[in-house]
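So the structure is just underneath, and the comments pick up after that.
Number of protein chains: 2
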Amino acid sequence: MNGSNEAHVQQKSETPKGRKSPKLKRMGLHERAAARMRTMIIRGELPPGSQTQETRLSKELGVSRTPLREAMKVLAAEGLIELRPNRSPRIAGLAVEGIWELFEALAGIERLAAELAAVRATERDLARLRTLQTRMEGHHRNGKLDDYFAINGEIHNTIVRMARNTPLREAHETLISRAKRARYLALGADRRWSNSVDEHASILAALEARDSEAAGRLLGAHVRQTGIALLETLAPKPKLSAA
Amino acid sequence: MNGSNEAHVQQKSETPKGRKSPKLKRMGLHERAAARMRTMIIRGELPPGSQTQETRLSKELGVSRTPLREAMKVLAAEGLIELRPNRSPRIAGLAVEGIWELFEALAGIERLAAELAAVRATERDLARLRTLQTRMEGHHRNGKLDDYFAINGEIHNTIVRMARNTPLREAHETLISRAKRARYLALGADRRWSNSVDEHASILAALEARDSEAAGRLLGAHVRQTGIALLETLAPKPKLSAA
DNA sequence: ATCGCGTAAATTGTATGCAGCATGCAAAAA
DNA sequence: TTTTTGCATGCTGCATACAATTTACGCGAT
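Chains as they are written, first to last, in this note's numbering: chain A, 1 to 243; chain B, 244 to 486.
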């Protein structure tokens, strides 16, 4: 909790909390507000389905309503909040159905990314991937959950970037932010560490072999498996209409 | 004392062009502004790379800067305009490279959509698709270019909706709006009408046969072909790094 | 003539005030 | 007691006023 009761303007050098982005460029208030809200939503501090009054939030974040409303529009476009006319915005719900759709779409995007990456990856790309894989295996052995997840996510992002396709990467980003929220819900849900690590290894092998089809198929299946595992921890009774 | 009593708003109730949605819900000013700008950008009335001053546009659209700025954020999220700090927003560029990436991503999304649709389509869905196909063939024979394009787009949208995956549909929508802009540039560029019609027929057949893999493969290839044809009319010398 | 610098104009970013709509409570009628 | 109508309140939507930042321009020095 930050100082909501005092000090609305700590404009100077409030560390814009580069979560994982090393780029510390100074952002406008609406960007900061959006970033702040994004992490609040992902962490569940703003629970799904809850309503967010502009005035309240603006005071809480220390900005006026104008930039906050702009931030709302952005988050709505990302699918994190839901805007209804003349009503308080609502944090997007997180139904089981929706989560599965999310991972399904994500799997499709990452499949394509892997297919392209298999063709377009440079040796540097592959080297970086190998490094990440090694580090992830280390965290896996040591049981470092947070680090494991961080590297895991970075591997996926790296593969998507290796596809050298900006629109694809952007679409991936927005879906990922939503998926992270679900993942946070079922914190540390992924008990299939071992499977996951092995799958990543297979994917890496396919990429190194420049096997487009295999890389895509494996990564797609991997993402779907992750989604299924997530759903199983959330709802003991998974009645998926799997594809 | 505001300019609303007389002003330049000649089109008070400009039908906000419900894309194909029969729901004519009255939208807020920022939504209307966004819709208006969207079509202006697609039609090239706001040329790629051009700068848009808030004050100018707000007067031109007959709204104040506040809702206009909100609209800007939305369009930026859709990738139609580019926002830089303390500078005039810029209409997103339309380089050949970027267009190809766009169609590549679109092909991936529609491939997945077709795969899912092949499994999930109801008989009603397929019937609707057959109707659309027939109508499109009619427009094709009669050389009705506009109608042909309209139906064509609707077929693609229908297939995506048949996948019953909201995030996927949303991602598709934003990419489509960008693609339309490119398509408008090379107006009536698609001289491969006949091919296109045949490809659609094949896709429909695959869907009816519930052949997931074929439907996805065919639709993906079809979209890529469309992109290639588009690029060939834009740049006589296509130096694509095709996949 | 060119570069540097400082001031002014223009433009974006933020805050605030006001009007309209929605919701809840209270009062009146059945 | 139950239902309906009117009113009060709070919140969103928009416009405008204000602050900060960038850009343009002119003047003087090298």
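Note that beta-carbon positions come from the ideal geometry of N, C-alpha and C, so glycine has one too. Quantities reported herein were computed from a predicted structural model and do not represent experimental measurements.
How would you list, in chain order, the residues of chain B whose beta-carbon sits under 9 Å from the beta-carbon of P48(A)?
Looking up residue 48(A) in the first sequence gives position 48. Contacts between P48(A) and chain B, judged by CB atoms closer than 9 Å, are missing: the closest CB pair is about 15 Å apart.
Starting from I91(A), follow its DSSP beta bridges and name the residues at the other end.
Numbered from 1 along the first sequence, position 91 holds the residue referred to as residue 91(A). The partner list for I91(A) (beta bridge, DSSP) reads I81(A).
Could you give the first and the last residue of the continuous alpha helix (DSSP H) run that contains R135(A)?
Taking the first sequence and counting its residues from 1, one reaches residue 135(A) at position 135. Taken as a continuous stretch (DSSP letters only), the alpha helix (DSSP H) holding R135(A) covers E123 to N142.
Measure the C-alpha to C-alpha separation of T66(A) and R32(A) and round it to an integer number of angstroms.
Here residue 66(A) corresponds to residue number 66 of the first sequence, with the count starting at 1. Here residue 32(A) corresponds to residue number 32 of the first sequence, with the count starting at 1. Taking the straight line joining both Cα atoms gives about 13 Å.
Under 8 Å between the Cβ atoms of S202(A) and L218(A)?
Counting from one through the first sequence, the residue named residue 202(A) turns up at place 202. Counting from one through the first sequence, the residue named residue 218(A) turns up at place 218. Against a cut-off of 8 Å, the Cβ pair of L218(A) and S202(A) comes out as a contact.
Can you give me the start and stop residues for the alpha helix (DSSP H) that P410(B) sits inside?
The residue given as residue 410(B) occupies position 167 in the second sequence. Per DSSP, P410(B) belongs to the alpha helix (DSSP H) from T409 to L428.
Since A277(B) is in the alpha helix (DSSP H), which residue starts that stretch and which ends it?
Looking up residue 277(B) in the second sequence gives position 34. Residues L272 to I285.
Simplified DSSP assignment, three categories, for Q215(B)
With chain B represented from 244 up to 486, any question about residue 215(B) goes unanswered, as that position is not in the structure.
What is the DSSP secondary structure of N329(B), counted as helix, strand or coil?
One-based indexing of the second sequence puts residue 329(B) at position 86. Correct three-state label for N329(B): coil.
Is DSSP giving K266(B) helix, strand or coil here?
The residue labelled residue 266(B) in the question sits at position 23 within the second sequence. The pLDDT assigned to K266(B) is 46, lower than 50, so where the model puts this residue is not dependable; a value taken from the coordinates is nonetheless given after this. Coil at K266(B), not helix or strand.
Put R460(B) into one of helix, strand or coil per three-state DSSP.
Within the second sequence, numbered from 1, the residue matching residue 460(B) stands at position 217. In the three-state scheme derived from DSSP, where H, G and I count as helix and E and B as strand, R460(B) is classed as helix.
Between the beta-carbon of N165(A) and the beta-carbon of A348(B), is there less than 8 Å?
Sequence index remark: in the first sequence, residue 165(A) carries index 165 (1-based). Sequence index remark: in the second sequence, residue 348(B) carries index 105 (1-based). For N165(A) and A348(B), yes; Cβs fall inside 8 Å.
I'd like to know if T409(B) contacts chain A, where contact means its C-beta is closer than 8 Å to some C-beta of that chain.
In the second sequence, counting from the first residue as 1, residue 409(B) sits at position 166. It does: the Cβ of T409(B) has a partner Cβ on chain A nearer than 8 Å.
Please confirm whether R217(A) has its beta-carbon closer than 8 Å to some beta-carbon of chain B.
By one-based count along the first sequence, residue 217(A) stands at place 217. By this cut-off, R217(A) is not an interface position.
Where S196(A) falls: helix, strand or coil (DSSP):
Mapped onto the first sequence, residue 196(A) falls at position 196. Note: S196(A) maps to helix in three-state DSSP.
Exposure of N395(B), with buried meaning 16 or more beta-carbon neighbours within 10 Å
Working through the second sequence from its first residue, we reach residue 395(B) at position 152. N395(B) counts as buried, since at least 16 other C-beta atoms from the protein chains shown sit within 10 angstroms of its C-beta.
Kindly indicate which residue of R384(B), M315(B) and I284(B) has the alpha-carbon position closest to the one of L272(B).
Taking the second sequence and counting its residues from 1, the one referred to as residue 272(B) is at position 29. L272(B) has its Cα closest to that of M315(B), out of R384(B), M315(B) and I284(B).
Contact with chain B by A41(A), beta-carbon distance below 8 Å
By one-based count along the first sequence, residue 41(A) stands at place 41. It should be noted that the sequence gives Ile, not Ala, for residue 41(A). For I41(A), the answer is no, since every Cβ of chain B falls outside 8 Å of its Cβ.
If contacts are defined as beta-carbon pairs under 8 Å, then A182(A) and L102(A) qualify, I think. What distance do you get, rounded to the angstrom?
Looking up residue 182(A) in the first sequence gives position 182. Looking up residue 102(A) in the first sequence gives position 102. Confirmed, about 7 Å.
Who are the neighbours of E70(A) on chain B, taking C-beta pairs under 7 Å?
To locate residue 70(A), count along the first sequence from 1; it is residue 70. What E70(A) touches in chain B: R312, E313 and K316.
Leaving aside the five residues before and after E413(B) along the sequence, list all residues of the same chain whose C-beta is less than 8 Å from its C-beta, in chain order.
Residue numbering aside, residue 413(B) sits at position 170 when the second sequence is read from its first letter. Taken in chain order, the list of residues that qualify is empty.
Could you check whether I91(A) and L230(A) sit closer than 8 Å to each other, using their CB atoms as the reference points?
Looking up residue 230(A) in the first sequence gives position 230. Looking up residue 91(A) in the first sequence gives position 91. No, Cβ-Cβ distance for L230(A) and I91(A) is not below 8 Å.
Tell me where the alpha helix (DSSP H) around L112(A) begins and ends.
Taking the first residue of the first sequence as position 1, residue 112(A) is located at position 112. Looking at the DSSP string, the run of the alpha helix (DSSP H) that includes L112(A) is V96 to R120.
Got a sec, what are the start and stop residues for the alpha helix (DSSP H) D389(B) sits in?
Within the second sequence, numbered from 1, the residue matching residue 389(B) stands at position 146. Counting along the chain, the alpha helix (DSSP H) containing D389(B) begins and ends at L388 to M405.
Use the C-beta contact count for P410(B): other C-beta atoms within 10 angstroms, 16 or more gives buried, fewer gives exposed.
Numbered from its first residue, the second sequence carries residue 410(B) at position 167. Buried, since its Cβ has 16 or more Cβ neighbours within 10 Å.
Alpha carbon of V247(A) to alpha carbon of T226(A), nearest angstrom:
With chain A represented from 1 up to 243, any question about residue 247(A) goes unanswered, as that position is not in the structure.
CB contact check: I352(B) to chain A, cutoff 8 Å:
By one-based count along the second sequence, residue 352(B) stands at place 109. Yes, because at least one Cβ of chain A sits closer than 8 Å to the Cβ of I352(B).
Whole-number beta carbon distance between L311(B) and E325(B), since they are thought to touch under 8 Å
Counted from its first residue, the second sequence places residue 325(B) at position 82. Counted from its first residue, the second sequence places residue 311(B) at position 68. That pair is no contact at about 16 Å.
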